[in-house]
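To start, the structure under review is shown below, and the notes come after it.
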DNA sequence: TAGTGGTCTAGACCACGAG
DNA sequence: TCGTGGTCTAGACCACTAT
């Protein structure tokens, strides 16, 4: 019956209406009671949909007042939900390209083995990509995936340049959550060569371990992002 | 009756039990039905509490299996919820100190005026602090608060070294959410002098605009964090 | 099959903010 | 006062996973 849960359908419908200009910045949405009637669901279900919109920064709720469309967010990588690089950027995907600079089957170095809970003689797929926005290098991403999770992923091109889409659609791996750390570092020689820029500049250095719905680590990525492409985050109060 | 909503009471009780070792890493929590009976609430209310624990990375749910305590998180600043610096670090507050290096009433530069929606002749409180962990400099935070939001905040010491606690308890300002950007940069001379370290190193550079429950910007902070103190983030799937 | 979390109902009352 | 979002009930059925 519900291929997708109703709250997700409603969330996507309202998000599309906001992105499509049916509601503009500052507009008030219909109240929760009316939305429930309109979609033929209970108010609790509407609230689940609105919670997602709020976490994504698309709407802001005001107790006693109403729910309002937020100002159009600045360009940037929104990290609030687990998304592909291009979805994070929110740009037209035309401007975003991906060059695979390495795709091979190897044994994991220590940090990778630890993050992915592997032995040192377990095979791992390593996929290194340069992401560009309008042809300018934006980030280097060095992803490691246990061989058993996605056999052959290094042998075929990714679906739509998206590792996450490929894991989901070709290998049936559903992602659930990720632990990400971020710090600053100076760009090393090897990474600079891959990016085609000078080494020594400040870059955002991220480490991400992504877990499947079975809570097994399925991807570990080291990323270096140039400072022109800041990460954005919406943080809620407790 | 409910000074705090029940789901928050349950959330804090379970969090305390996990932090206090009643449940250890990998332990399974009682199922939702039993928790509901135990706390005398409905299952939906228990689920609200568990959602918060999951977003904070304290537990992981597995559909059809159960809810389990996550591995003890590494030391680091968890950015998933709007918290004070010491709460983000999660360390014993003894190790964290705060030196106020600037506290004055000024007119806002352009970026501050824009973020806080002020005119160039509106007064702003500027509060610059060096945060240290075990006496080592960890971050420089340059906070700007509209004078009208918290008059006199530069004239008195902060409550418990916490800007957020002071805003809440002394000025009645309840924070709701923040937009944060993060990028990397090289530490400038002035910031290096405040931190007492050499300039030119890579640092995490953050900009945060914090909004009150009335969705008015009440704080804009520029932050420079040394790479030894990475930010951590739990990211959920869509 | 048994037990778990995921979704959803059809209400109720409370808390907040504007007029 | 009135309309809004915030919290909560007491169930129901579905989807998933292990056995």
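Protein chains in written order, with the working numbering: chain Z, 21 to 258; chain C, 21 to 258. Glycine included, C-beta positions come from ideal geometry on N, C-alpha and C. Given the structure is predicted, the values throughout are model-derived calculations rather than measurements.
Residue-chain proximity (residue i, chain Z), Cβ-Cβ < 8 Å
{"i": "residue 234 of chain C", "result": "yes"}
{"i": "residue 222 of chain C", "result": "yes"}
{"i": "residue 80 of chain C", "result": "yes"}
{"i": "residue 247 of chain C", "result": "yes"}
{"i": "residue 250 of chain C", "result": "yes"}
{"i": "residue 99 of chain C", "result": "yes"}
{"i": "residue 253 of chain C", "result": "yes"}
Residue burial classification, residue i (beta-carbon count within 10 angstroms, cutoff 16)
{"i": "residue 259 of chain C", "result": "Outside the shown range of chain C, which is 21 to 258, sits residue 259 of chain C, and nothing can be said about it."}
{"i": "residue 139 of chain C", "result": "exposed"}
{"i": "residue 177 of chain C", "result": "exposed"}
{"i": "residue 211 of chain Z", "result": "buried"}
{"i": "residue 77 of chain C", "result": "buried"}
{"i": "residue 214 of chain Z", "result": "buried"}
{"i": "residue 168 of chain C", "result": "exposed"}
{"i": "residue 85 of chain C", "result": "exposed"}
{"i": "residue 166 of chain C", "result": "buried"}
{"i": "residue 45 of chain Z", "result": "exposed"}
{"i": "residue 156 of chain C", "result": "exposed"}
{"i": "residue 129 of chain C", "result": "exposed"}
{"i": "residue 143 of chain C", "result": "exposed"}
{"i": "residue 181 of chain C", "result": "buried"}
{"i": "residue 2 of chain C", "result": "Residue coverage of chain C in this structure runs from 21 to 258, which leaves residue 2 of chain C outside it and unanswerable."}
{"i": "residue 82 of chain Z", "result": "exposed"}
6 Å CB neighbourhood of residue i in its chain, flanking five on each side removed
{"i": "residue 37 of chain Z", "result": "43"}
{"i": "residue 55 of chain Z", "result": "66"}
{"i": "residue 253 of chain Z", "result": "99"}
{"i": "residue 201 of chain C", "result": "227"}
{"i": "residue 240 of chain Z", "result": "132, 135, 136, 164, 229"}
{"i": "residue 69 of chain Z", "result": "27, 30, 31"}
{"i": "residue 105 of chain C", "result": "151"}
{"i": "residue 115 of chain Z", "result": "153, 154"}
CB contact check: residue i to chain C, cutoff 8 Å
{"i": "residue 256 of chain Z", "result": "yes"}
{"i": "residue 102 of chain Z", "result": "yes"}
{"i": "residue 215 of chain Z", "result": "no"}
{"i": "residue 183 of chain Z", "result": "no"}
Proximal residues to residue i (C-beta, below 7 Å), its chain only, five neighbours per side dropped
{"i": "residue 203 of chain Z", "result": "225"}
{"i": "residue 73 of chain C", "result": "31, 34, 35, 79"}
{"i": "residue 63 of chain Z", "result": "52, 53, 56"}
{"i": "residue 259 of chain C", "result": "Not covered by the structure: residue 259 of chain C. The range shown for chain C is 21 to 258."}
Spatial neighbours of residue i in its chain, beta-carbon cut-off 8 Å, leaving aside the 5 residues before and after
{"i": "residue 174 of chain Z", "result": "123, 124, 125, 145, 146, 147"}
{"i": "residue 187 of chain Z", "result": "165, 169, 170, 173, 193, 195, 238, 239"}
Using a Cβ-Cβ cut-off of less than 7 Å, list which residues of the segment 187 to 205 of chain Z approach chain C; keep chain order. 195, 196, 197, 198, 199, 200, 201, 202, 203, 204, 205
Using a beta-carbon distance cut-off of less than 7 Å, what residues from the segment 28 to 61 of chain C approach chain Z? none
Using a beta-carbon distance cut-off of less than 9 Å, what residues from the segment 153 to 178 of chain C approach chain Z? none
Quick one: any contact between the segment 157 to 165 of chain C and the segment 239 to 249 of chain C, if contact means 3 or more CB pairs under 8 Å? yes
For the pair the segment 188 to 200 of chain Z and the segment 141 to 156 of chain Z, tell me if three or more CB-CB distances fall below 8 Å. no
Is the segment 226 to 238 of chain Z touching the segment 230 to 239 of chain C in the sense that three or more CB pairs, one from each, lie closer than 8 Å? no
Select from the segment 113 to 140 of chain Z all residues with a C-beta closer than 7 Å to any C-beta belonging to chain C, and list them in chain order. none
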